[in-house]
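To keep things clear, I will list the structure first and then write my remarks on it.
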Amino acid sequence: MARNYLINIIISVFCFLIFIFIGLASPIESGDFMCGDVNGSGGINILDVTYLINYLYKGGPAPEFPEAADVNMSGSINILDISYIINYLYKGGPEPVCEDPGPGPDELPETFDLRDVDGENYVTSVKSQRGGTCWAFGTMGSVESNLLMTGAWAAAGETGEPNLAEYHLDWWNGFNDYWNPEVDSIAYVLVHNGGDFQMSSAYFSRGDGAVRDIDGQSYGEPPDHYNDTFHYFYVRDIEWYSSMMWSEDSANIELIKEKLMEYGGIGTCLNSDYINNDYICYVPYSEDAWGNHVVTIVGWDDNKVTPAPEPGAWLCKNSWGGTWGIDGYFWTSYYDKICGREPTLGAVSFHNVVPLIYDSIYAHDIHGWYGPMEHTYEAFNVFTTDKNELLMAVNIVTLEDSVDYTVTIYDTFDGSTLSDELTSFSGWIEFKGFHTIDLPTPLELSHDNDFYIHVYLSNGIMAYDYSTYVENMPGADGGVFIESKSKPKQSYYKNQRGWNDLYNFDQTANFCIKGLVCFRSLKVYSEDSLIFEGPQGGPIDPTGYTIKFTHRYNDPINFVIDPVPGYDWLVLTGDISGSLAPGDTGEVTVTIDESMTAIMTQGQYNGILGIRNLDYPEDDVELELKLKLGTASLQEEWLLDSDPGWTCEGDWAFGSPTGGGGYFGFGTDPVGGYTGDNVYGYNIDGNYPLSLPETHLTSEPIDCSKLFNVRFNFQKWLAVDGFGIGHVKASNDGINWHTLWTGYEGVYPSWEEMDIDISHIADFQPTVYLRWTMVVIGNPLYTFGGWSLDDIKIIAVYDSTMTSPPVSDNTVTTSK
1 MARNYLINII ISVFCFLIFI FIGLASPIES GDFMCGDVNG SGGINILDVT
51 YLINYLYKGG PAPEFPEAAD VNMSGSINIL DISYIINYLY KGGPEPVCED
101 PGPGPDELPE TFDLRDVDGE NYVTSVKSQR GGTCWAFGTM GSVESNLLMT
151 GAWAAAGETG EPNLAEYHLD WWNGFNDYWN PEVDSIAYVL VHNGGDFQMS
201 SAYFSRGDGA VRDIDGQSYG EPPDHYNDTF HYFYVRDIEW YSSMMWSEDS
251 ANIELIKEKL MEYGGIGTCL NSDYINNDYI CYVPYSEDAW GNHVVTIVGW
301 DDNKVTPAPE PGAWLCKNSW GGTWGIDGYF WTSYYDKICG REPTLGAVSF
351 HNVVPLIYDS IYAHDIHGWY GPMEHTYEAF NVFTTDKNEL LMAVNIVTLE
401 DSVDYTVTIY DTFDGSTLSD ELTSFSGWIE FKGFHTIDLP TPLELSHDND
451 FYIHVYLSNG IMAYDYSTYV ENMPGADGGV FIESKSKPKQ SYYKNQRGWN
501 DLYNFDQTAN FCIKGLVCFR SLKVYSEDSL IFEGPQGGPI DPTGYTIKFT
551 HRYNDPINFV IDPVPGYDWL VLTGDISGSL APGDTGEVTV TIDESMTAIM
601 TQGQYNGILG IRNLDYPEDD VELELKLKLG TASLQEEWLL DSDPGWTCEG
651 DWAFGSPTGG GGYFGFGTDP VGGYTGDNVY GYNIDGNYPL SLPETHLTSE
701 PIDCSKLFNV RFNFQKWLAV DGFGIGHVKA SNDGINWHTL WTGYEGVYPS
751 WEEMDIDISH IADFQPTVYL RWTMVVIGNP LYTFGGWSLD DIKIIAVYDS
801 TMTSPPVSDN TVTTSK
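So the sequence shown is numbered by my numbering: it starts at 1 and just counts up by one.
Laid out in structure tokens, this is it:
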């Protein structure tokens, strides 16, 4: 009330004074702007007061120089700055004093390099990509640069330079053949074979990453998706600054420069086939070329001479190692047809990167925005709370620059009308892209309660996720179809007939509206599963797990740690039961009595460890408990002395190779097998063709119903060059296949042992299939010998107890 009273007084004073006089005060200059000249008129007067009131309370435009408006140097622009200017103009108060921001937008330097900004480096080290993952490296180059510029990396307690896991993004983006949570289909991107900034945006918007390099940087096998030990960073804003492609308009050059100086590195795409011997890239507008490579812009030189008609070029950080180019960098002309211009890949800034504080992010649009729904000003998404929670923020997507928004949270929808408004807030978004907006005050939401996030956008264009064909994807061989799915009563849009279920418009579509929450409950910090393993009598690994749980209610609660069943080999110490005061943390340690395991039967023992909130049972968390006791041994083997009769597609065959195939002696097949004469191979004494879709060798079903900790081992000879690719896959139903390994070994092959953990697919499964795949991507000039396999083995622990894994519908919710 006091604040509103003060605002009313100031507005009244302003209305009175504006009719009496509009006088210019003497300019108080600070560097390249005038302190107090909020509207940039060249002087300080009552119109600057008007400008601030409009900005702060009516959604008006921001000051061109925010420093000019912060006249009391408080670090923010607020009502006290309005009062300060009025006091200065009409009551003899002190002169405005502002911080000098340096050169203004009209005085950008001719050269700029983020590696040396007044002696500070805001670019991380050059990396070396594998496969078609340039898009992930271009993305993380921008994110890491922003972490350096803001100091958020160091402030989070991290050491060294920011170093994020590109391959975690590559595996867990949600678009590929390894993990697309929306559908089981053949519509996907191949892992390590292409991506774009919209894929990155979807990954960040869900809170799936970024994670540190030491947490999830694994190319050959997928890293953990979630892990309590990982450090997660959240990208609050992703903005697109691209002008229209194929246009020679250079209006966005100055904007990109400003944003480089403000936020750090900017992701872009280009055509790497046009990089010349001087490491300068230029695609003329007359060329029929598309972007095929993603990099990070880190600087510029207005005077750099390139093959373009005019000078000027962007300094680009590549991902081909530090020995390539100019210590890993190169130049791209301002007037390149693609760089800085392609609408979805031309110039994208990932900024306002912070440690992830949210416990959960409610979302229906797994793949983020791929479509605009035009002539749609209002939409909402429906969510149901998993726990007692605080709604902290929402994230949305705007598909044009300069959009006013209003977000309203409702508690009720009767099928035609939203009602019971819980909170509402408005603002203005300057640039197209993904944006996170904090609620003015966190909103309390009770467990198992529906809530509705309603969004109004002034431009009438709503972003949504739907099944679509992406025509150009850097790192991929052409376009790719991305399949999504939706359900009824998830997303709604409004037209002249009222509210409509988006599912009836497109059964794969959901709006890009998400809710970001923190739990207001008993929060458990633990691994999802407590898995112990080792031989009878020990040693058991790990030695123990520590589980922490924090109380977030306003009143004390009672709790108990409840193992089911109560195994006598399970040892619990610490806070096993009792009460927790608000804000308190409990801790319990779970270990195994190794002396007991010496008299136990080899096998897998399963149970549940419950963390029970006796006052609010909806908070109960159940952790999977496993003791895997025994020693792995050989269970099955195929030494290929004879043909086991597996299914061969195309030129896959059983036989004895004699060193054929290859190109001028490179990339040949082996002579004989690793042991004996025979192998399974693709075109045993010849090359794979120049064009080849995925073609498979598939085993007969293998019975693993009494086995756990299953691995399979084989000898590999793979003669390919990167256009030819080998995959190793497994399935427990012959329909849904999991990619276990993807890669190529070059044209100097030799026999190499591969050992792959397939326990997540094969443990206790009656039918397990192994598969090797040969495929050619791109347009190779040469082909080579391809796959040869020998000595295939299944290694596992035999379960003498005949126990089976527990079945539970309970959701385990842990911190990230």
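Quick reminder that beta carbons are idealized off the backbone N, C-alpha and C, glycines included.
Next on the checklist: To the nearest angstrom, how far is the alpha carbon of residue 746 from that of residue 514?
Outcome noted: Locating residue 746 in the sequence shown gives position 746, counting from the first residue. Locating residue 514 in the sequence shown gives position 514, counting from the first residue. In this model, residue 746 and residue 514 are separated by some 44 Å (Cα to Cα).
Checklist entry - What's the gap between the Cα of residue 321 and the Cα of residue 279? => result Translated into positions along the sequence shown, residue 321 becomes position 321. Translated into positions along the sequence shown, residue 279 becomes position 279. One alpha carbon belongs to residue 321, the other to residue 279, and they sit about 14 Å apart.
Checklist entry - In this structure, what does DSSP give as the bridge partners for residue 520? => result As a first step, residue 520 is located in the sequence shown; it is residue number 520 there, counting from the start. Per DSSP, none; premise fails for residue 520.
Item to check | Cα-Cα separation, residue 64 to residue 441 | outcome: The count along the sequence shown starts at 1 and reaches residue 64 at position 64. The count along the sequence shown starts at 1 and reaches residue 441 at position 441. Residue 441 has its alpha-carbon roughly 28 Å from the corresponding atom of residue 64.
Next on the checklist: Which residues does DSSP list as the beta-bridge partners of residue 715?
Outcome noted: Residue 715 sits at position 715 when you count from the first residue of the sequence shown. Beta-bridge pairing by DSSP links residue 715 to 753, 790.
Item to check | Whole-Å CB distance - residue 36 paired with residue 68, under 8 Å assumed | outcome: In the sequence shown, counting from the first residue as 1, residue 36 sits at position 36. In the sequence shown, counting from the first residue as 1, residue 68 sits at position 68. Cβ atoms of residue 36 and residue 68 come within 8 Å of each other, at about 6 Å.
Checklist entry - Which residue from 327, 166, 455 puts its Cα closest to that of residue 200? => result In the sequence shown, counting from the first residue as 1, residue 200 sits at position 200. That would be 166, whose Cα lies nearest to the Cα of residue 200.
Checklist entry - Under 8 Å between the Cβ atoms of residue 350 and residue 142? => result The residue labelled residue 350 in the question sits at position 350 within the sequence shown. The residue labelled residue 142 in the question sits at position 142 within the sequence shown. Cβ atoms of residue 350 and residue 142: closer than 8 Å.
Item to check | Separation of residue 644 from residue 266, as counted between CA atoms | outcome: As a first step, residue 266 must be located in the sequence shown, where it is residue number 266. As a first step, residue 644 must be located in the sequence shown, where it is residue number 644. Cα-Cα distance, rounded: 54 Å.
Checklist entry - Does DSSP put residue 453 in a helix, a strand or coil? => result Along the sequence shown, one-based indexing puts residue 453 at 453. In the three-state reduction of the DSSP assignment, residue 453 falls in the strand class, which pools E and B.
Checklist entry - By how many angstroms is the C-alpha of residue 772 removed from the C-alpha of residue 754? => result Position 754 of the sequence shown holds residue 754. Position 772 of the sequence shown holds residue 772. Rounded to whole angstroms, the gap between the alpha carbons of residue 754 and residue 772 is 13 Å.
Item to check | Reduced DSSP secondary structure (H/G/I, E/B, other) of residue 392 | outcome: Walking along the sequence shown from the start, residue 392 turns up at place 392. Looking at residue 392 - three-state DSSP - the assignment turns out to be strand.
Checklist entry - In its own chain, which residues sit with a C-beta less than 8 Å from the C-beta of residue 837, not counting the 5 before and 5 after it? => result Summary: the structure shown does not reach residue 837, with the chain confined to residues 1 through 816, and so no result is reported for it.
Next on the checklist: Give me, in chain order, the residues of the same chain whose beta-carbon lies closer than 6 Å to that of residue 217; leave out the 5 immediate sequence neighbours on both sides.
Outcome noted: In the sequence shown, the residue the question calls residue 217 occupies position 217. Taken in chain order, the residues that qualify are 165, 167.
Next on the checklist: Less than 6 Å between C-beta atoms, sequence neighbours within five positions excluded: which residues of the same chain meet that for residue 797?
Outcome noted: Reading the sequence shown from its first residue, position 797 is the one you call residue 797. For residue 797, where only same-chain residues beyond five positions count, the Cβ hits under 6 Å are 630, 632, 708, 709.
Next on the checklist: Count Cβ pairs between the segment 497 to 506 and the segment 429 to 440 that sit closer than 8 Å; are there 3 or more?
Outcome noted: They do not touch, by the three-pair rule.
Checklist entry - So what's residue 293 in DSSP terms, helix, strand or just coil? => result The count along the sequence shown starts at 1 and reaches residue 293 at position 293. The answer is strand: DSSP assigns residue 293 an E or B state.
Next on the checklist: When you compare the CB positions of residue 362 and residue 406, do they come within less than 8 Å of one another, or not?
Outcome noted: Residue 362 sits at position 362 when you count from the first residue of the sequence shown. Residue 406 sits at position 406 when you count from the first residue of the sequence shown. Result no, Cβ atoms of residue 362 and residue 406 do not sit closer than 8 Å.
Checklist entry - What residue from 651, 369, 255, 215 has the CA that sits closest to residue 468's CA? => result Position 468 of the sequence shown, counted from the start, is the residue given in the question as residue 468. Among 651, 369, 255, 215, the Cα nearest to that of residue 468 is on 369.
Checklist entry - Which residues in the same chain have their Cβ closer than 7 Å to the Cβ of residue 176, if we skip the five residues on either side of it in sequence? => result In the sequence shown, counting from the first residue as 1, residue 176 sits at position 176. If you ignore the 5 residues before and after residue 176, its C-beta comes within less than 7 Å of the C-beta of 188, 189, 190, 191, all in its own chain and listed in chain order.
Item to check | Three-state class that DSSP yields for residue 255 in the structure shown | outcome: On the sequence shown, position 255 is the one that residue 255 refers to. Reduced to three states, the DSSP call for residue 255 is helix.
Checklist entry - Touch check for the segment 754 to 767 and the segment 709 to 728: three-plus C-beta pairs under 8 Å? => result Segment contact: the segment 754 to 767 against the segment 709 to 728, three or more CB-CB distances shorter than 8 Å; contact assigned.
Checklist entry - What is the rounded straight-line gap between the Cα of residue 799 and the Cα of residue 607? => result Position 799 of the sequence shown holds residue 799. Position 607 of the sequence shown holds residue 607. Cα to Cα, residue 799 sits roughly 16 Å from residue 607.
Checklist entry - Does the Cβ-Cβ distance between residue 38 and residue 73 come in under 8 Å? => result Here residue 38 refers to the residue found at position 38 of the sequence shown. Here residue 73 refers to the residue found at position 73 of the sequence shown. For residue 38 and residue 73, no; Cβs fall outside 8 Å.
Checklist entry - If residue 390 and residue 517 are in contact, beta carbons under 8 Å, what's the gap, nearest whole angstrom? => result Within the sequence shown, numbered from 1, the residue matching residue 390 stands at position 390. Within the sequence shown, numbered from 1, the residue matching residue 517 stands at position 517. 6 Å between Cβ atoms; contact.
Next on the checklist: My assumption, with CB atoms under 8 Å, is that residue 464 sits in contact with residue 371. Please give the rounded CB distance.
Outcome noted: By 1-based counting over the sequence shown, the position of residue 464 is 464. By 1-based counting over the sequence shown, the position of residue 371 is 371. Correct: roughly 5 Å between the Cβ atoms.
Checklist entry - Based on the DSSP secondary-structure assignment, which residues constitute the bridge partners of residue 527? => result Here residue 527 is taken as the residue at index 527 of the sequence shown, counted from 1. Note: residue 527 sits in no beta bridge, so no partner.
Checklist entry - DSSP state of residue 462, grouped into three classes? => result For the purposes of this step, residue 462 is taken as residue 462 along the sequence shown, with counting starting at 1. Strand at residue 462.
Checklist entry - Assuming residue 281 contacts residue 296 under a Cβ cut-off of 8 Å, what Cβ separation, rounded to an integer in Å, is found between them? => result Taking the first residue of the sequence shown as position 1, residue 281 is located at position 281. Taking the first residue of the sequence shown as position 1, residue 296 is located at position 296. Approximately 14 Å separates the beta-carbon atoms of residue 281 and residue 296; this is outside 8 Å, ruling out the contact.
Item to check | Reduced DSSP category for residue 738 - H, G, I as helix; E, B as strand; rest coil | outcome: Against the sequence shown, residue 738 aligns to sequence position 738. In the structure shown, residue 738 sits in a strand (DSSP, three-state: E or B).
Item to check | Buried or exposed by the 16-neighbour rule on C-beta atoms within 10 Å, applied to residue 397 | outcome: Start at 1 with the first residue of the sequence shown, and residue 397 comes out as number 397. Burial of residue 397 is indicated by the presence of at least 16 other C-beta atoms within 10 angstroms of its C-beta.
Checklist entry - With distances taken from CA atoms, which of 228, 139, 702 is nearest residue 240? => result Counting from one through the sequence shown, the residue named residue 240 turns up at place 240. Among 228, 139, 702, the Cα nearest to that of residue 240 belongs to 139.
Checklist entry - Can residue 403 and residue 236 be called in contact, C-beta distance under 8 Å? => result Your numbering for residue 403 matches position 403 in the sequence shown. Your numbering for residue 236 matches position 236 in the sequence shown. Result no, Cβ atoms of residue 403 and residue 236 do not sit closer than 8 Å.
Next on the checklist: If the criterion is Cβ atoms closer than 8 Å, does the pair residue 615 and residue 558 meet it?
Outcome noted: Taking the sequence shown and counting its residues from 1, the one referred to as residue 615 is at position 615. Taking the sequence shown and counting its residues from 1, the one referred to as residue 558 is at position 558. Yes; because the gap between Cβ atoms is below 8 Å, this pair is in contact.
Next on the checklist: Closest to residue 590 by C-alpha separation, out of 157, 153, 664, 573, would be which residue?
Outcome noted: As a working mapping, residue 590 is identified with position 590 in the sequence shown. Here the closest residue by C-alpha is 573.
Item to check | Identity of the residue in 699, 387, 782, 285 nearest residue 664 by Cα | outcome: Start at 1 with the first residue of the sequence shown, and residue 664 comes out as number 664. When only C-alpha atoms are compared, the closest one is 782.
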